[in-house]
Each structure stands twice: as C-alpha cells, then as structure tokens.
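Working notes, structure below.
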Amino acid sequence: MTYMKDLYRFFDELAANNNRPWFEANRHRYQELRELWLADVDRMIQAMTVWEPGLATQTAKSAAYRIYRDTRFSSDKTPYKTHFSASVSPYGRKTDHAGYYIETGIARTYDQGVYAGLWALEPAMLRKLRHAIVDNIEEWEEIVNAPEMLKEFPDWCSSMLKTIPKGWERDHPQAFYLRMTNYGKFQHLDRDFFSRPDWPEAAADKFRILKPMVDFLNYSMDE
690 MTYMKDLYRF
700 FDELAANNNR
710 PWFEANRHRY
720 QELRELWLAD
730 VDRMIQAMTV
740 WEPGLATQTA
750 KSAAYRIYRD
760 TRFSSDKTPY
770 KTHFSASVSP
780 YGRKTDHAGY
790 YIETGIARTY
800 DQGVYAGLWA
810 LEPAMLRKLR
820 HAIVDNIEEW
830 EEIVNAPEML
840 KEFPDWCSSM
850 LKTIPKGWER
860 DHPQAFYLRM
870 TNYGKFQHLD
880 RDFFSRPDWP
890 EAAADKFRIL
900 KPMVDFLNYS
910 MDE
C-alpha cells in the first residue's frame, strides 16, 4: 500500500477547509506526505536520466513548487494549492526552455497528470518557434504524429488564436500550428495511476515519449 490514499484524503480535506488554521493544525500531515512525494519524484527524475542525462543534477526539492498560492492578482483568495507539482528540466525549474511538468492532487486550473512543452511564451520567441515549425514542418510532423505520441498524447494543451497571426497567409497549410499560443502536450492520470507503487517509473516512461518534441522546441529556441 502506498501513501497516496492518505495524500488524496489530505487534499480532499484541504479543499473543504482551505484556510490557515486548518492547515496549521494539519501541517505535520502535509510535511510527511510532501517528503514521501518528493522521494517518489526523485525516483522519477532518476528514471528520466536514462534518456535525458542532463537531469542528473536535478532533484525533487529543486523541481517542486510550493503549496502556497499567489493570491495577489486572483479573485480566489484561498491560500493553498490542493495539489503537489514539479517542473523538471536540465535548465532547472525557473527556465524559459521547454521541459516536463507533473501534478498530483486536486487540480484547479489544469488537471493532474503529466505535461511537456512551452507555455507563457514571449511574443518574439513565439514568432521564432512558428517559423521553426513551418521551416521544418516534415521533422515537426514526424515527431508529433509518431504512433506512440498519437496513442498517448493525441491532444494539444494550448490556447488558440481565432485567426492566423499577422504576416501569414489566411489559408496557410500550417494554420493550426500558427494559431497556437503554447506548444504543449498533456495526459490526464487518475488516482489509480498515482496509487501504483511504480508510478514514478511509469510517469518517466510517459515523459520519454515527449522528449523529441521538447528537444525540437529547445534547439529551435537556441538557434
């Protein structure tokens, strides 16, 4: 039996009691569960280094996000996230490069599971990536349409412009990719998945499928 049953119970209760007094009274539970989760993320990172050696210097503690929400610009003033999450990349957690993201718990904005790609792009970098995809469309489509990718990650995780961005023909053959404002893939993973004793290794194997896309985005950024 894993600790995940207790983790989900904690997040279910936190969602119903998202306030500082409750959290302080249950801080010992949070700390114990977070340490167990971080140990599993370390296992996941270690498994990922088999195909991404650049992650060898990364740790769960450096990759994990805090549970405290930034409420300054949000109408939702609840102080705590109801999930654990981490961003894994050879460039570190605070990077503008493409990388891998995992979330476990009760999601608010997104959903628990695995993600990879680029989000919140600066306009100049978004323009650069659009050109990189169009100029290397055969390579890009070979990556994103690979059988394993289509099976495990058929959908994109991106907001879309209503029309083609300025400077491109309205009927451009790569209109779909040009209208994207982020380049990311996502797979929802349920509580049963994270309750598996081998979930860190299983998550690492899902990230492996996304590596060619992450590599394409990163070397396109750096050219």
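When the letters of the sequence shown are read in order and numbered with our numbering, they come out as residues 690 to 912.
Virtual Cβ for every residue (Gly too), placed ideally from N, Cα, C.
Check, Outcome
"Excluding five sequence neighbours on each side, which residues of the same chain lie with their C-beta closer than 7 Å to the C-beta of residue 872?", "806, 807, 818, 847, 906"
"Which one of 893, 700, 812 has the shortest CA to CA distance from residue 723?", "700"
"What do you get for residue 801, buried or exposed, if any count of 16 or more other CB atoms within 10 angstroms of its CB means buried?", "buried"
"With a CB to CB cut of under 6 Å and the five nearest residues on each side skipped, what residues in its chain are close to residue 733?", "889, 892, 893"
"I need the DSSP call for residue 743, collapsed to helix, strand or coil.", "helix"
"By the 10 Å Cβ neighbour count, where 16 or more other Cβ atoms means buried, how is residue 740 classified, buried or exposed?", "exposed"
"Within its chain, find whatever has a CB closer than 8 Å to the CB of residue 694; leave out the 5 residues flanking it on each side and keep chain order.", "884"
"Quick one: what's got a C-beta closer than 8 Å to residue 708's C-beta in the same chain, skipping five residues either side?", "767, 768"
"Is residue 877 helix, strand or coil when you go by DSSP?", "strand"
"Note the first and the last residue of the continuous beta strand (DSSP E) segment covering residue 787.", "Where residue 787 is concerned, there is no enclosing beta strand (DSSP E), given that its DSSP letter is neither H nor E."
"Kindly identify the DSSP beta-bridge partner or partners of residue 753.", "775"
"Spell out the partners DSSP gives residue 849 in its beta bridges.", "869"
"Contact check, residue 870 vs residue 815 under 8 Å by CB: the rounded distance?", "7 Å"
"Using only the alpha-carbon positions, how far apart do residue 735 and residue 838 sit?", "22 Å"
"Spatial neighbours of residue 737 within its chain, please: CB distance less than 8 Å, with the 5 preceding and 5 following residues excluded, ordered by chain position.", "744, 777, 789, 893, 896, 897"
"Could you name the residues that DSSP lists as bridge partners for residue 803?", "791, 876"
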